[in-house]
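K.L.:
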Ligand SMILES: NC(=O)c1ccc[n+]([C@@H]2O[C@H](COP(=O)([O-])OP(=O)(O)OC[C@H]3O[C@@H](n4cnc5c(N)ncnc54)[C@H](OP(=O)(O)O)[C@@H]3O)[C@@H](O)[C@H]2O)c1
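In the numbering used here, the protein residues as written are 127 to 413.
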């Protein structure tokens with residue numbers, strides 16, 4: 127039996143990937159939750175999962191965490207701007223530890239997108255290809271939860287701001303990306319492969335707010351802004367300037383169609399339709 131390791135396992139996607147591995151009958155003790163802070167992984171340890179410390183900024187911890195691992199899912203770090211050296215540490219540790227396969231959560235359309243957010247992903251993909259490790263690039267599109275987990279200010283103001291114009295985003299649920307990751311990790315047929323993972327039903331921001339309006343007690347509109355003005359609004363809402371600029375640029379990426387892709391890879395990997403916008407919005411209102 128292979129030993130599977132998932133980095134960032136204290137995060138939302140990492141938890142869902144572990145759930146999906148277990149649902150595929152991987153024994154809990156064959157799963158390593160590689161985490162920055164083991165105190166945050168007590169729920170995983172209680173389920174019989176091996177919890178090992180693995181900080182992307184600490185190469186020694188990564189090498190120790192990956193010992194005996196056959197298949198590794200490197201979940202991209204959350205510190206935008208720091209990710210390339212962190213991912214390099216993880217890839218070098220995987221090589222040193224003799225890991226047999228690495229999957230990496232990249233970004234949709236990494237070959238062609240011009241979004242600032244994609245730069246660290248593209249560079250990480252290059253490191254993986256150069257490492258000599260058998261790999262799969264899981265090019266995840268936007269999470270539906272990027273919208274549904276942040277509806278409070280939208281409902282408060284009756285408006286969603288953005289710079290996406292009429293562009294469509296093929297967002298999908300984290301749980302679907304997690305199922306796809308588990309499918310790739312547990313199969314033996316995905317060596318050196320690239321998956322463009324996106325939801326079945328791309329939608330515009332106006333379609334999103336129309337869906338939200340169905341459940342809200344007041345109309346909610348989409349207000350399109352020039353990208354600089356949208357970045358200013360994000361800063362006014364409390365985001366650091368650098369991150370606000372990256373998010374506003376990503377919103378503009380949607381206008382250019384860079385977060386849509388009709389490959390069908392996600393649907394094929396999970397063996398059915400992806401969760402829809404309507405389902406995700408309805409679920410978020412049920413709490
Ligand atoms: N596709 C999208 O729409 C989208 C949206 C947001 C993010 N993302 C990317 O997808 C990743 C997973 O998403 P998510 O929703 O699961 O994010 P999340 O819940 O914020 O989880 C991020 C995980 O990364 C871990 N991490 C951060 N810095 C680390 C470090 N230096 N060493 C080791 N672990 C570190 C965190 O550990 P702690 O628990 O210790 O903080 C956490 O487990 C994110 O990290 C980001 O790269 C994608």
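Cβ atoms here follow ideal geometry from the backbone N, Cα and C, with glycine treated the same way.
1) If you drop the 5 nearest sequence neighbours on each side, which residues of the same chain put their C-beta closer than 6 Å to that of residue 290?
2) With respect to the alpha helix (DSSP H) encompassing residue 384, which residues constitute its N-terminal and C-terminal limits?
3) Should residue 135 be counted as a contact of ligand 1 given a C-beta to heavy atom distance under 7 Å?
4) With which residues is residue 266 paired in a DSSP beta bridge?
5) Bridge partners for residue 178 per DSSP, in chain order?
6) Tell me the DSSP secondary structure of residue 216 in three-state form.
7) Following a CB-centred definition, is residue 369 positioned closer than 7 Å to any heavy atom of ligand 1?
8) Establish whether the CB of residue 315 and some CB of chain D are separated by less than 8 Å.
9) Could you please give the first and the last residue of the uninterrupted beta strand (DSSP E) stretch that includes residue 226?
10) Could you check which residue in 338, 352, 297 has the C-alpha nearest to that of residue 393?
11) Figure out for me which residue from 404, 202, 201 has the closest Cα to the Cα of residue 327.
12) Can you name, in chain order, every residue of its own chain whose Cβ lies under 6 Å from the Cβ of residue 187, other than the five neighbours on each side?
13) Using CA coordinates, which residue listed in 173, 341, 220 is at the minimum distance from residue 259?
14) Taking its Cβ as the centre, do 16 or more other Cβ atoms sit within 10 Å of residue 252, making it buried, or is it exposed?
15) Could you check whether the Cβ of residue 203 sits closer than 7 Å to any heavy atom belonging to ligand 1?
16) So, do the stretch 170 to 177 and the stretch 229 to 246 have three or more beta carbon pairs nearer to each other than 8 Å?
17) Identify whether residue 363 lies in helix, strand or coil by the three-state DSSP scheme.
18) For residue 230, verify whether its CB is less than 7 Å away from any heavy atom of ligand 1.
19) Considering only the alpha carbon of each residue, which of 265, 227, 301, 154 lies closest to residue 237?
20) Secondary structure at residue 311, three-state DSSP: helix, strand or coil?
21) Considering only the alpha carbon of each residue, which of 223, 227, 246 lies closest to residue 414?
22) For residue 167, does the three-state DSSP call read helix, strand or coil?
23) Excluding the 5 residues flanking residue 277 on each side, which residues of the same chain have their C-beta closer than 7 Å to its C-beta?
24) How many Å lie between residue 127 and residue 227 at the Cα?
P.N.:
According to the structure data:
1) 331, 377, 380, 381
2) First-last for residue 384: undefined, no H or E at that position.
3) yes
4) 233, 323
5) 160
6) helix
7) no
8) In the structure shown, chain D cannot be found, because there is only a single protein chain.
9) From DSSP, residue 226 is part of no beta strand (DSSP E); its letter is neither H nor E.
10) 297
11) 404
12) 179, 180, 181
13) 220
14) exposed
15) yes
16) no
17) coil
18) no
19) 265
20) helix
21) The structure shown does not extend to residue 414, since the chain is modelled only from 127 through 413, so no value can be given for it.
22) helix
23) 338, 410
24) 14 Å
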